[in-house]
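J.: Numbering (this note's numbering), first residue to last: 69 to 122. Here's a structure for you.
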Amino acid sequence: MTEKEQKELAATQLINRFILPEEVAEGIIFLIKNDAVCGEVLTIDGGMSLKTIT
(Lines of atoms letter the chains of each structure in order from A and count residues from 1; the text may use other names and numbers.)
(Lines give C-alpha, C1' and ligand atoms only; values in the text may rest on other atoms or scores of the structure.)
Protein backbone atom coordinates (compact mmCIF):
# COMPACT_ATOMS: atom_id res chain seq x y z
CA MET A 1 0.00 0.00 0.00
CA THR A 2 1.41 3.35 -0.97
CA GLU A 3 1.79 6.23 1.48
CA LYS A 4 -0.97 8.08 -0.38
CA GLU A 5 -3.32 5.11 -0.03
CA GLN A 6 -2.49 4.84 3.67
CA LYS A 7 -3.33 8.52 4.21
CA GLU A 8 -6.59 8.15 2.29
CA LEU A 9 -7.58 5.13 4.35
CA ALA A 10 -6.65 6.83 7.62
CA ALA A 11 -8.80 9.80 6.59
CA THR A 12 -11.86 7.53 6.64
CA GLN A 13 -11.42 7.14 10.41
CA LEU A 14 -12.76 9.75 12.83
CA ILE A 15 -9.49 9.39 14.72
CA ASN A 16 -7.53 10.06 11.48
CA ARG A 17 -5.13 7.16 11.94
CA PHE A 18 -4.98 3.41 11.60
CA ILE A 19 -6.40 1.31 14.39
CA LEU A 20 -3.65 -0.62 16.14
CA PRO A 21 -3.92 -4.40 16.59
CA GLU A 22 -3.44 -3.83 20.33
CA GLU A 23 -6.58 -1.66 20.39
CA VAL A 24 -8.64 -4.42 18.80
CA ALA A 25 -7.15 -6.96 21.21
CA GLU A 26 -8.08 -4.79 24.22
CA GLY A 27 -11.71 -4.78 23.07
CA ILE A 28 -11.72 -8.55 22.64
CA ILE A 29 -10.15 -9.07 26.07
CA PHE A 30 -12.79 -6.81 27.63
CA LEU A 31 -15.60 -8.90 26.13
CA ILE A 32 -13.99 -12.18 27.17
CA LYS A 33 -13.18 -11.15 30.76
CA ASN A 34 -16.42 -9.40 31.65
CA ASP A 35 -19.08 -11.99 32.55
CA ALA A 36 -21.73 -9.26 32.76
CA VAL A 37 -21.47 -8.55 29.03
CA CYS A 38 -23.67 -10.92 27.03
CA GLY A 39 -24.71 -10.84 23.39
CA GLU A 40 -23.05 -7.54 22.57
CA VAL A 41 -21.34 -6.36 19.42
CA LEU A 42 -18.34 -4.11 19.99
CA THR A 43 -17.45 -2.09 16.92
CA ILE A 44 -13.77 -1.18 16.87
CA ASP A 45 -13.37 0.77 13.66
CA GLY A 46 -11.99 4.16 14.65
CA GLY A 47 -15.35 5.77 14.00
CA MET A 48 -15.53 4.71 10.36
CA SER A 49 -19.05 3.32 10.78
CA LEU A 50 -20.22 6.63 12.28
CA LYS A 51 -18.94 8.57 9.27
CA THR A 52 -21.02 6.43 6.89
CA ILE A 53 -24.34 7.24 8.59
CA THR A 54 -26.31 9.76 6.57
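Even glycine gets a Cβ: it sits at the ideal position worked out from N, Cα and C.
How far does the alpha helix (DSSP H) with residue 73 in it extend, from its first residue to its last?
T.: For the purposes of this step, residue 73 is identified with residue 5 of the sequence shown, where counting begins at 1. First-last of the alpha helix (DSSP H) with residue 73: 71 to 78.
J.: So, using beta-carbon positions, are residue 118 and residue 95 closer together than 8 Å?
T.: Position 50 of the sequence shown, counting from 1, holds the residue named residue 118. Position 27 of the sequence shown, counting from 1, holds the residue named residue 95. In this structure, residue 95 does not lie closer than 8 Å to residue 118 by Cβ.
J.: So is residue 114 buried or exposed if we call it buried at 16+ other beta carbons inside 10 Å?
T.: Residue 114 sits at position 46 when you count from the first residue of the sequence shown. By the 10 Å Cβ count, residue 114 comes out buried.
J.: So what's residue 92 in DSSP terms, helix, strand or just coil?
T.: Here residue 92 refers to the residue found at position 24 of the sequence shown. DSSP places residue 92 in helix when its eight states are reduced to three.
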